[in-house]
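Worksheet: the structure to be examined is printed underneath.
Numbering (the numbering used here), first residue to last: 1363 to 1540.
Rendered as structure tokens:
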């Protein structure tokens, strides 16, 4: 019996390039700007097995989620004082004449959280796939690599946070067009 390979559907192939937005679909939506080296959407999930004496392995119905943490990592080619405050929680900018001086607070303020950060990409059929991280906080480390003949392209991480008014609603969604 000959096996014929499956031919992929153009509606099911997502392309890797796209745009990243602050507060996607909200008032104040803004494009992050150019990135280089791709973006990475991750949902870290921890699933715990309820163990009991005599079990030979995992038992159906006795597993539960104990953690779901979404994040979006981007490599930001465009860096300016406005974006830096969104990229890294606790940063603020003051116009001091010829420069904007960036400083950091030890506190994380409610204004450091974005309503969301979203990666908007396309499928091969031209329709969209959108990965949205809600209540996003730029909580990665600040690292600028200064290399000869290279641009500074820091990796920026946005982590989704649960809303205290809806503590069981996971702070991300993935949208695909029909």
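Note that beta-carbon positions come from the ideal geometry of N, C-alpha and C, so glycine has one too.
A quick note: this is a predicted structure, and the numbers were derived from the prediction, not measured.
Asked	Found
Alpha carbon of residue 1407 to alpha carbon of residue 1522, nearest angstrom	13 Å
Option in 1365, 1368, 1403, 1372 with minimal Cα separation from residue 1540	1372
CB contact flag (residue 1405, residue 1479, <9 Å)	no
Nearest residue (CA-CA) to residue 1421, options 1503, 1430, 1429, 1410	1410
Residue range of the alpha helix (DSSP H) that includes residue 1448	1443-1449
Cα-Cα separation, residue 1508 to residue 1437	15 Å
Residue ranges of each beta strand (DSSP E) within the stretch 1427-1485, 3 or longer	1453-1457, 1462-1466, 1475-1485
Contacts around residue 1486, its chain only, beta-carbon distance under 6 Å, and the 5 residues preceding and following it disregarded	1372, 1375
Identity of the residue in 1385, 1463, 1428, 1441 nearest residue 1398 by Cα	1441
The stretch 1512-1519 contacting the stretch 1458-1476, beta-carbon criterion three pairs below 8 Å	no
Counted within 10 angstroms of its Cβ, other Cβ atoms place residue 1456 as buried (16 or more) or exposed	exposed
Straight-line Cα distance separating residue 1424 from residue 1502	35 Å
Rounded C-alpha distance that separates residue 1338 from residue 1490	Any answer about residue 1338 is impossible in this case: the structure gives the chain only from 1363 up to 1540.
Same chain, Cβ closer than 8 Å to residue 1377, neighbours up to 5 away in sequence not counted	1483, 1484, 1485, 1486
Proximity winner among 1447, 1492, 1510, 1464, relative to residue 1476 (alpha-carbon distances)	1447
Residues of its chain near residue 1396, where Cβ-Cβ distance is below 7 Å and the 5 sequence neighbours each way are ignored	1439, 1440
Nearest candidate by alpha-carbon position, reference residue 1481, set 1460, 1463, 1536, 1497	1536
Beta-carbon proximity of residue 1495 to residue 1433, cut-off 9 Å	yes
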